[in-house]
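Asks:
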Amino acid sequence: MPRKPRKISKLGIYHIMLKGNNDEVVFDSPVEVDKFLSLLTELKKKQKIRIFAYCFMKNHVHLLIKVKKPRQISKVMKIIEQRYTYWYQRRHGRSGNIFKGRFTSKEIEDMTYFKNVFRYIHLNPVKAGIVSDPIDYIDSSYRFYFGDDAGIIDRDFVFEQVNQVLFAEFHTDNRGEDVALELGMFLSYSDGRPTTMTDEDAEREMQRLSRCRDHIGFHRLPRMERWKLIKIFRQKKITYRQIAAFLSQSKGAVYYWDKLRSA
1374 MPRKPRKISK
1384 LGIYHIMLKG
1394 NNDEVVFDSP
1404 VEVDKFLSLL
1414 TELKKKQKIR
1424 IFAYCFMKNH
1434 VHLLIKVKKP
1444 RQISKVMKII
1454 EQRYTYWYQR
1464 RHGRSGNIFK
1474 GRFTSKEIED
1484 MTYFKNVFRY
1494 IHLNPVKAGI
1504 VSDPIDYIDS
1514 SYRFYFGDDA
1524 GIIDRDFVFE
1534 QVNQVLFAEF
1544 HTDNRGEDVA
1554 LELGMFLSYS
1564 DGRPTTMTDE
1574 DAEREMQRLS
1584 RCRDHIGFHR
1594 LPRMERWKLI
1604 KIFRQKKITY
1614 RQIAAFLSQS
1624 KGAVYYWDKL
1634 RSA
C-alpha cells in the first residue's frame, strides 16, 4: 500500500515525534541526547529551521519546529534520522533500524493549537511521573525559557504567544488536554505500556455491550439507548477514536454526543 502524502502546514509548523523501534531505548544517556541536539543545531543553521520545543524521553523524542518550505520537513527529518542512526549503531556496535518507521507529524494551523502542543511537549516527563515540575527535567527545552541562555530555542516567537512573566503558570493550565489527546490532536506515546484496550478488543467489547455487529445495527437502536451505550463504552475506557470507528462517525461527533448527554 502506498504511503499517504504527509499533510502540509500553512504555517510551516509541525509537532514531530520519533519513536524507538519495538519500544527500544534510543536516548539512554546525556551523550545520546547531546548528539541528537548537535545534529539538530547543525540542521537549524543549514536548513534555516526554527525550534520552539523539544523533549527527550527514553524511547522517543518530541519536537516542535518550523520550516521555510512546504516539503522541507521530510528532508530535515530524513537527514537527522540517518545521521543519528549511523552514529548510534557505531556507538553500540549494532545494526538495523533504531527508529520505528517514518517519523510521525501533526501540522499546526493556529496559535491555540500551537500553545497546547508546546505545553504538552514540556509536560511529558510530568505526565510520566518522572518529575513533578518540568523545570527539573534537563532533557527538554523548558529550562531554556528562563535566564539568558536560550540554547537552540527560538524564544521570541513563543513569547509573542505566551506571556513570559506567566510562563510557568501557563504550563499548569492543561484544561481539555486529555480530551485533545484522545481526539488525536497530539502525538502521544505510552513508552510501551498500553493505557487503553486494543482496537480489536474495543470492537468486540462494543459488539458485546450493544449486541450489534456493526454501525448499521447500532444506528437502528433507539436514540436514548445509543446515547446510553456511548456512556457505557466510555466507562469501559474505550476511546472516542475507537467508538467513532465502530459507529462510522467522526471523533468530534462522538465527543459531542457524550458531553451533550452529560449536560
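Quick note: the sequence shown uses the numbering used here, first residue 1374, plus one each step. Note that CB positions come from ideal geometry on N, CA and C, so glycine has one too. Source: prediction; values computed, not measured.
1. With distances taken between CB atoms, is the gap from Tyr1515 to Ile1525 smaller than 9 Å?
2. For Leu1384, which option in Arg1475, Arg1463, Lys1442 has the closest C-alpha, if you only look at C-alpha atoms?
3. What are the partner residues of Ala1575, as DSSP defines its beta bridges?
4. Using the Cα positions of Lys1624 and Trp1630, report the straight-line distance between them to the nearest angstrom.
5. Using 8 Å as the threshold, is the region 1489 to 1496 in touch with the region 1397 to 1407, meaning 3 or more CB pairs across them?
6. I'd like the span of the alpha helix (DSSP H) that includes Thr1458, first residue to last.
7. Using DSSP's beta-bridge definition, name the partner residues of Gly1393.
8. Inspect the CB distances between the region 1469 to 1482 and the region 1410 to 1420 and report whether three or more fall short of 8 Å.
9. Run the CB neighbour count on Thr1612, radius 10 Å, all protein chains shown included, and call it buried at 16 or more, exposed below.
10. Since Ile1616 contacts Ile1603 with CB under 8 Å, what's their CB separation in whole angstroms?
11. Assign Asp1512 to one of two classes, buried (16 or more other C-beta atoms within 10 Å of its C-beta) or exposed (fewer than that).
12. Under a three-way DSSP split, which group does Thr1477 fall into?
13. Taking the alpha-carbon positions, what's the Leu1391 to Met1450 distance?
14. Using a Cβ-Cβ cut-off of 7 Å (strictly less than) and excluding sequence neighbours within five positions of Ser1563, which residues of its own chain qualify?
15. Here's the rule I'm using: 16 or more other beta-carbon atoms within 10 Å means buried, otherwise exposed. How should Met1579 be labelled?
16. So for Lys1609, helix, strand or coil by DSSP?
17. Rounded to the nearest angstrom, how far is the Cβ of Phe1472 from that of Asn1394, given a contact under 8 Å?
18. Give me, in chain order, the residues of the same chain whose beta-carbon lies closer than 8 Å to that of Thr1458; leave out the 5 immediate sequence neighbours on both sides.
19. How many angstroms separate the CA atom of Pro1378 from the CA atom of Glu1405?
20. For the beta strand (DSSP E) containing Ala1426, list its first residue and its last residue.
21. Using the C-alpha atoms, what's the distance from Phe1487 back to Glu1576?
22. Sort His1592, Met1597, Tyr1628 by Cα distance to Ser1607 and report the nearest one.
23. Leaving out five residues before and five after Arg1423 in sequence, what residues of the same chain have Cβ atoms less than 6 Å from its Cβ?
24. So the candidates are Gln1622, Lys1601, Ser1621, His1388; which of them puts its Cα closest to the Cα of Met1484?
25. How should His1544 be labelled, buried or exposed, when 16 other C-beta atoms within 10 angstroms of its C-beta is the threshold for buried?
26. Bridge partners for Trp1387 per DSSP, in chain order?
27. Is the Cβ-Cβ distance between Trp1460 and Lys1408 less than 9 Å?
Replies: In terms of the structure at hand:
1. Taking 9 Å as the Cβ cut-off, Tyr1515 and Ile1525 do not qualify as a contacting pair.
2. It is Lys1442.
3. According to DSSP, which records beta bridges pairwise, Ala1575 is partnered with nothing at all.
4. Looking at the backbone, the Cα of Lys1624 and that of Trp1630 are separated by about 10 Å.
5. No, the region 1489 to 1496 does not touch the region 1397 to 1407.
6. 1445 to 1465 is the span of the alpha helix (DSSP H), which, as asked, contains Thr1458.
7. By DSSP's assignment, Gly1393 forms a beta bridge with Phe1472.
8. With a cut-off of 8 Å on Cβ pairs, the region 1469 to 1482 is not in contact with the region 1410 to 1420, counting fewer than three such pairs.
9. The residue in question, Thr1612, is buried, as its Cβ has 16 or more Cβ neighbours within 10 Å.
10. Contact flag correct, Cβ pair sits at about 6 Å.
11. Buried, because 16 or more other Cβ atoms sit within 10 Å of the Cβ of Asp1512.
12. Thr1477 carries a strand assignment under DSSP once its states are collapsed to helix, strand and coil.
13. Spanning the two alpha carbons is a distance of roughly 9 Å.
14. Because the pLDDT at Ser1563 is just 46, under 50, the model does not fix this residue reliably, and the value given afterwards should be weighed accordingly. Apart from sequence neighbours up to five positions away, no residue of its chain approaches Ser1563 with a beta-carbon distance below 7 Å.
15. By the neighbour-count rule (16 or more Cβ atoms within 10 Å), Met1579 is buried.
16. If DSSP states are grouped into helix, strand and coil, Lys1609 belongs with coil.
17. Between Phe1472 and Asn1394 a beta carbon distance of about 6 Å is seen, short of the 8 Å cut, so the two are scored as contacting.
18. Within its own chain, the residues whose Cβ lies closer than 8 Å to the Cβ of Thr1458, once the five positions on either side in sequence are excluded, are Asn1470, Ile1471, Phe1472, listed in chain order.
19. The C-alpha of Glu1405 is placed about 31 Å away from the C-alpha of Pro1378.
20. That run of the beta strand (DSSP E) goes 1423 to 1429.
21. So the alpha carbons of these two residues sit roughly 33 Å apart.
22. Sequence check: residue 1607 is Arg here, not Ser. Just measuring C-alpha positions, the residue of His1592, Met1597, Tyr1628 sitting nearest Arg1607 is Tyr1628.
23. Its chain contains Lys1439, Asp1527 as the residues whose beta carbon lies nearer than 6 Å to that of Arg1423, once the 5 sequence neighbours on both sides are disregarded; these appear in chain order.
24. It is His1388 whose Cα lies nearest to the Cα of Met1484.
25. Around the CB of His1544, 16 or more other CB atoms lie within 10 Å, so the residue is classed as buried.
26. Per the sequence shown, the amino acid found at residue 1387 is Tyr instead of Trp. Beta-bridge pairing links Tyr1387 to Ile1438, Glu1480.
27. Less than 9 Å separates the beta-carbon of Trp1460 from that of Lys1408.
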